[in-house]
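Report on the following structure.
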């Protein structure tokens, strides 16, 4: 079926916050420079690299928190989602009072407040009266909807590190079915807390290196675990569009062509096999659902910088594409760290940057894989996988 003969889902705008900053011009400049902005954070007396928000973005969050008294009681992840949602609606040119559905996912939810109130309870035996509503997962989406005055459905979910693509997939399905006309979808994660960092270290994947230029190195040649935790949020304004509407709006629109899912029975707590069966299934599912058989020009991998995870995903790519037909390969985690549930949405943001700029950042360190040279980039496949054996893939294409 020809894409120009049917309705499809178009990305009208987006907003984001990460170690790359916030605001489209700032983030685009950070990607062009290709310089990681990791910071050192003291964790139980040990200097630990993290991908934290830069000072200008921190200032924007503080200003947001001062707007309303209620906002001062919200978790950091919620404030990040609100700021990204505002950017997305503004970029799309939507009036916020329109009927807009919202689905902002998060792997961990209100991490900071939850840890704070647990500690307070352990010390005093009591917690503030607002503890329950501000630590629920659902308050991420509901506060975005409140802030923007959205009147559509408000949904939340958590599917570990696949959360971001799952949110986009849910919006895709709602828009395709006609259950919504406009949808804000994305994810937010603020996990740079003592307990969460301790969890990542306990798994044995956190980078042992501090003060090096690239503490997070997916597919590094040394085959070391170099996972670095990051924080971030990205929200996308999505709606249906006809071929006629696309033709009259000019070139440059980006379409969500397909979403795919994969699952495998887990053999370990982290849930990944050596051949990356869940990745393979998700990529094949997305490619089979796509309307076009044109080649994939770029794969933005999940690639968290762990020995097992990176290797499994690479084996899945070899199985799907073969070494001779392998697309160009990229990952954002050497820049942004692993932002858990928000990571795939930040990969999606990077995909939009690549489609616009037609430039792909190569890994600036020695890798054990062949990354390839990107030709003209029209179609990008994004992958993600999380604990529990789940994986997801998202296929974007530039409107031609």
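In this note's numbering, the protein residues as written are 5 to 404. All C-beta atoms, glycine included, are put in the ideal place defined by N, C-alpha and C.
Taking DSSP as the reference, what is the three-state secondary structure of residue i?
i: residue 165; result: strand
i: residue 243; result: strand
i: residue 158; result: strand
i: residue 289; result: helix
i: residue 204; result: helix
i: residue 308; result: coil
i: residue 198; result: helix
i: residue 28; result: helix
i: residue 7; result: Summary for residue 7: the model assigns pLDDT 46, below 50, so the residue's position carries little reliability, and this model does not support an answer.
i: residue 261; result: strand
i: residue 373; result: coil
i: residue 142; result: coil
Can you say whether residue i is buried or exposed, counting buried as having 16 or more other CB atoms within 10 angstroms of its CB?
i: residue 372; result: exposed
i: residue 278; result: exposed
i: residue 170; result: buried
i: residue 237; result: buried
i: residue 206; result: exposed
i: residue 133; result: exposed
i: residue 285; result: buried
i: residue 103; result: exposed
i: residue 343; result: buried
i: residue 227; result: exposed
i: residue 128; result: exposed
i: residue 212; result: exposed
i: residue 252; result: exposed
Does at least one heavy atom of the ligand FAD sit under 7 Å from the Cβ of residue i?
i: residue 303; result: Questions concerning the ligand FAD fall outside what the structure shown contains, since it holds no ligand whatsoever.
Residues in the same chain with beta-carbon distance under 8 Å from residue i, minus the five sequence neighbours each way, listed in chain order, please.
i: residue 376; result: 330, 331, 332, 333
i: residue 281; result: 266, 268, 320
i: residue 357; result: 31, 32, 35
i: residue 44; result: 51, 52, 53, 54, 214, 215
Rounded to the nearest angstrom, what separates residue i and residue j at their Cα positions?
i: residue 288; j: residue 85; result: 31 Å
i: residue 120; j: residue 126; result: 10 Å
i: residue 258; j: residue 299; result: 17 Å
i: residue 290; j: residue 398; result: 7 Å
i: residue 335; j: residue 151; result: 32 Å
i: residue 340; j: residue 25; result: 10 Å
i: residue 16; j: residue 241; result: 5 Å
i: residue 60; j: residue 328; result: 44 Å
i: residue 69; j: residue 110; result: 20 Å
i: residue 140; j: residue 107; result: 14 Å
i: residue 359; j: residue 115; result: 34 Å
i: residue 386; j: residue 130; result: 44 Å
i: residue 223; j: residue 323; result: 17 Å
Look up residue i in the DSSP assignment and give the residues it is bridged to.
i: residue 75; result: According to DSSP, which records beta bridges pairwise, residue 75 is partnered with nothing at all.
i: residue 266; result: 395
i: residue 383; result: 401
i: residue 282; result: According to DSSP, residue 282 bridges with nothing at all.
i: residue 91; result: According to DSSP, residue 91 bridges with nothing at all.
i: residue 193; result: 236
i: residue 51; result: 46
i: residue 342; result: 233
i: residue 187; result: 105, 242
i: residue 224; result: 371
With a CB to CB cut of under 7 Å and the five nearest residues on each side skipped, what residues in its chain are close to residue i?
i: residue 201; result: 47, 52, 233
i: residue 310; result: 209, 229, 231
i: residue 146; result: 158
Could you name the residues of the same chain whose beta carbon sits closer than 6 Å to that of residue i, not counting the 5 residues immediately before and after it, in chain order?
i: residue 7; result: Note that residue 7 has pLDDT 46, beneath the 50 cutoff, so the model's placement of it is unreliable and the number below is only indicative. For residue 7, where only same-chain residues beyond five positions count, the Cβ hits under 6 Å are 295.
i: residue 246; result: 11
i: residue 42; result: 53, 55, 219
i: residue 77; result: 134, 138
Of all Cβ atoms in chain C, is any one closer than 8 Å to the Cβ of residue i?
i: residue 148; result: Here there is only one protein chain, and chain C is not present.
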